[in-house]
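In this note's numbering, the protein residues as written are 1368 to 1653.
Don't be surprised by glycine CBs; every beta carbon is placed ideally from N, CA and C.
Since this is a predicted model, take the numbers as computed values, not measurements.
Read the structure below first, then the notes.
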Amino acid sequence: MAELKTHTMKSAPKTNLNADIFTLDQIPAAMDKMGWKVAPQLMRHWFSGKPAKPFTDKTKNLYVRGPAINIPPEHVNDSIVKMQWARQFKPVQKGLDHLMKNWANKKGLVELKKRLIQNNGILERHTDVKKLDTFTYVNSTPIGDYYLGFGETINDYFGAIGKATLKAVPHGYQDKFHGENVFITEAIGFYIKDTYDFLGNEFLGVWHKDGVLNKKQMLLYVGYQGSQDWVSIANMNMQWAAQVYNSDFRRWQQVRNTGVDFMVFSDVLWLPPLGKDRRIYLNIKK
């Protein structure tokens, strides 16, 4: 939707409503005003794409599950999201803790063996995250959650990532230890993989030119909107706000012919392995 109409109520007793104009491309500036750093960069990157290239369910599934090195460059950004920024937030902290302890579980060990066969026993520390995702990634965990904007704190992380996948890539080599096949882990890399698209009917919050409503305000606003209680909206000083949905961005693509959906890759956070994972026995069934 090119324009979102927000209601402005004049003085009582009449309830005349004027329509203020709030455009979707003002949201990054609203994010700036809230002190967010990464979310506005990602949204500006999306708006800057010309002509519009939305994902379909088919292409999204292909880019999520297929080889990352085959994703067209215009549908990839691997420069905006940094793990140093992301690890400030609880969803990422929880994911890192879980994956650090469990990347070499049964599932991870199966994938590790496959990767060693594919890479002749050596898992390199590629500088291109798309190569890591294609050739050496072995395990992952979902991070974050959201439903109508109420699942997580509404902050820069929520605006930028929300719900994504945290992936683990080991760096090391296959060797022999007392006659047994082992993997010597030199480091473990962690990175975020996400999609920046507007498929589905996701509710993205209640926005205005200076930011987004907090959870309490949002619940009140949605309730008042549903009952068309414009007086209460004006009394709460929320007449300048508008509900934003994924469909608004899809309509923007159709009308303005700008906005390119893309895959998000963070940089890679390399950490030393836990002691239990420095030498992994490849022939042991977990």
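### Query
First and last residue of the alpha helix (DSSP H) that includes residue 1501?
1496-1502
### Message
Assuming contact is defined by CB atoms lying nearer than 8 Å, are residue 1630 and residue 1447 in contact in what I supplied?
### Response
no
### Task
Flag this pair as yes or no: are the beta carbons of residue 1558 and residue 1489 separated by less than 8 Å?
no
### Query
Between residue 1496 and residue 1445, which are expected to be in contact by the criterion C-beta below 8 Å, what is the C-beta distance as a whole number of angstroms?
5 Å
### Message
Just verifying my parser: in three-state terms, what is the DSSP assignment at residue 1471?
### Response
coil
### Message
Let me check understanding here. Comparing Cα to Cα, which of 1561, 1617, 1586 lies closest to residue 1568?
### Response
1617
### Task
Taking residue 1521 and residue 1573 to be in contact with their CB atoms under 8 Å, please state how far apart those CB atoms are, rounded to whole angstroms.
With a Cβ gap of about 10 Å, residue 1521 and residue 1573 do not count as contacting.
### Query
If residue 1645 and residue 1552 are in contact, beta carbons under 8 Å, what's the gap, nearest whole angstrom?
5 Å
### Query
Quick one: is residue 1594 buried, meaning 16 or more other Cβ sit within 10 Å of its Cβ, or exposed?
exposed
### Query
Under a three-way DSSP split, which group does residue 1458 fall into?
helix
### Message
Quick check on DSSP: helix, strand or coil for residue 1607?
### Response
coil
### Task
Compute the beta-carbon to beta-carbon distance between residue 1479 and residue 1459, rounded to the nearest angstrom, for a pair I have assumed lies under 8 Å.
Not a contact, Cβ separation roughly 23 Å.
### Among 1649, 1642, 1638, 1650, the one whose alpha carbon lies nearest that of residue 1463
1638
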